[in-house]
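One structure is given here, and the rest of the page talks about it.
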Amino acid sequence: MDLATAIGFIAGIGFVVWGISQSGNIGNFIDFPSLVIVLGGTIAATFVSYPLSKVLKTLKVVKNAFMTKNISPMEIINEIIKLANIARREGLLALEEAAENVDDAFLKKGIVLIVDGTDPELVRNILETELSFTEERHGEGQGIFEAMGSYAPAFGMIGTLIGLINMLKDLDDPASIGPNMSVALVTTFYGSLFANLIFIPIANKLKGRSREEILIKELIVEGLLSIQAGENPRIIEEKLKTFLPPEMRKAIEKETEGGEA
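When we follow the numbering used here, the leftmost residue of the sequence shown carries the number 137, and every step to the right adds one.
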């Protein structure tokens with residue numbers, strides 16, 4: 137479970153509720169028709185914009201915003217270095233047996249390709265093509281939530297216009313103007329809240345998850361090609377560390393120094 141996502145949602149709702157309760161009545165912000173206009177309209181517009189199958193797949197992907205696999209790039213680098221040492225001692229064919237203990241499907245596929253004697257350029261093309269399509273699939277899910285983030289405020293305004301039209305029809309009753317105006321503005325509130333607390337943040341979280349996965353796959357591609365080229369495991373390790381941000385490299389160096397001490 138990704139605590140940051142859960143804490144963010146809970147804190148966001150909590151702060152909004154607290155702010156409302158400090159300056160008014162929470163009941164004034166609960167309006168079922170407004171909720172239906174915003175959520176129903178946003179979902180309907182999403183179905184119009186994207187194929188049903190992609191929307192349904194994206195709903196399954198939402199779990200990625202709340203769950204984390206905790207696979208660090210350093211774990212992958214260590215795995216590749218182990219494979220490099222095996223290949224250096226026993227040859228590339230020995231990697232076939234080692235691949236049976238590898239959990240990552242992308243890494244296992246790459247090992248099979250180099251064990252089969254596939255040309256290095258073809259190995260790179262196959263793996264990078266899969267990486268490219270993975271990134272494209274991730275982009276579809278992110279795009280759907282970004283679209284929902286833009287639709288929600290728009291339907292909030294539509295709901296407000298509906299409320300204002302109904303209010304203007306009852307101008308002969310001044311006492312009803314205030315309450316009707318309040319209800320009309322609640323729809324805009326819902327649209328902004330859903331867009332900025334749910335849809336857009338989920339899209340951004342999925343982008344972050346995608347970048348992490350793509351980084352792991354890029355490490356794997358470069359590592360496997362280096363193994364196939366017969367490079368020294370120490371050189372491979374240093375090469376793969378260049379993919380990591382500076383702060384992560386420093387943390388790894390400190391950890392290594394601590395282990396040596």
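Just so you know, even glycine gets a beta-carbon here, dropped at the ideal spot from N, CA and C. A quick note: this is a predicted structure, and the numbers were derived from the prediction, not measured.
By the three-class DSSP mapping on this structure, what secondary structure does residue i have?
i: Gly295; result: helix
i: Thr178; result: helix
i: Ile146; result: helix
i: Gly275; result: helix
i: Leu300; result: helix
i: Phe379; result: coil
i: Thr254; result: coil
i: Pro169; result: helix
i: Gly395; result: Only weak support is given to the placement of Gly395: the predicted model assigns it a pLDDT of 48, under 50, and the question is left unresolved by the model.
i: Ala230; result: helix
i: Tyr186; result: coil
Whole angstroms is fine: what's the gap from residue i's alpha carbon to residue j's?
i: Leu192; j: Tyr186; result: 10 Å
i: Ile149; j: Ile216; result: 44 Å
i: Glu257; j: Lys196; result: 35 Å
i: Leu300; j: Glu276; result: 36 Å
i: Phe165; j: Val174; result: 14 Å
i: Asn302; j: Leu139; result: 44 Å
i: Arg260; j: His274; result: 21 Å
i: Asp306; j: Val153; result: 31 Å
i: Glu236; j: Gly279; result: 36 Å
i: Ser208; j: Ser328; result: 35 Å
i: Lys375; j: Val248; result: 22 Å
i: Asn214; j: Ser189; result: 38 Å
i: Glu396; j: Val238; result: Any reading at Glu396 must be qualified, since the residue scores a pLDDT of 48, below 50, and its modelled position is unreliable; no value is offered.
i: Ile317; j: Ile143; result: Before going further, note that residue 317 is Met rather than Ile in the sequence given. If I take the Cα positions, the gap works out to 34 Å.
i: Asn221; j: Gly155; result: 59 Å
Let me make sure I understand the geometry here. Which of the options has the alpha-carbon closest to that of residue i?
i: Glu358; options: Leu342, Asn340, Lys377 and Arg347; result: Lys377
i: Leu243; options: Leu219, Ala290 and Asp308; result: Leu219
i: Pro369; options: Ala223, Ile207 and Phe330; result: Ala223
i: Phe168; options: Lys341, Gly366 and Val319; result: Val319
i: Ile338; options: Lys199, Pro382 and Val322; result: Lys199
i: Glu211; options: Ile363, Thr254 and Lys353; result: Lys353
i: Thr265; options: Thr141, Ile350 and Pro382; result: Ile350
i: Pro381; options: Asp309, Ile298, Glu348 and Ala290; result: Glu348
i: Lys343; options: Asp308, Ile294 and Phe281; result: Phe281
i: Ala230; options: Val322, Asp239, Lys341 and Gly253; result: Gly253
i: Gly176; options: Phe269, Tyr287 and Asp255; result: Tyr287
Should residue i and residue j be called a contact, given that it needs their Cβ atoms to be closer than 9 Å?
i: Phe325; j: Gly292; result: yes
i: Leu355; j: Phe379; result: yes
i: Leu263; j: Gly246; result: yes
i: Ala181; j: Ala283; result: yes
i: Ser346; j: Glu271; result: yes
i: Ala241; j: Gly285; result: no
i: Ile372; j: Ile363; result: yes
i: Thr296; j: Leu321; result: yes
i: Lys341; j: Thr178; result: no
With 16 as the cutoff for other CB atoms within 10 Å, does residue i come out buried or exposed?
i: Arg225; result: exposed
i: Ser170; result: buried
i: Gly163; result: exposed
i: Val251; result: buried
i: Ala147; result: exposed
i: Pro310; result: exposed
i: Val184; result: exposed
i: Asn161; result: exposed
Hey, does residue i have any beta-carbon neighbour from chain E nearer than 9 Å?
i: Asp138; result: Absent from the structure is chain E; it holds one protein chain and no more.
Return yes when the C-beta of residue i is under 8 Å from any heavy atom of the ligand HEM, and no when it is not.
i: Leu267; result: You won't find the ligand HEM in this model; it holds no ligand whatsoever.
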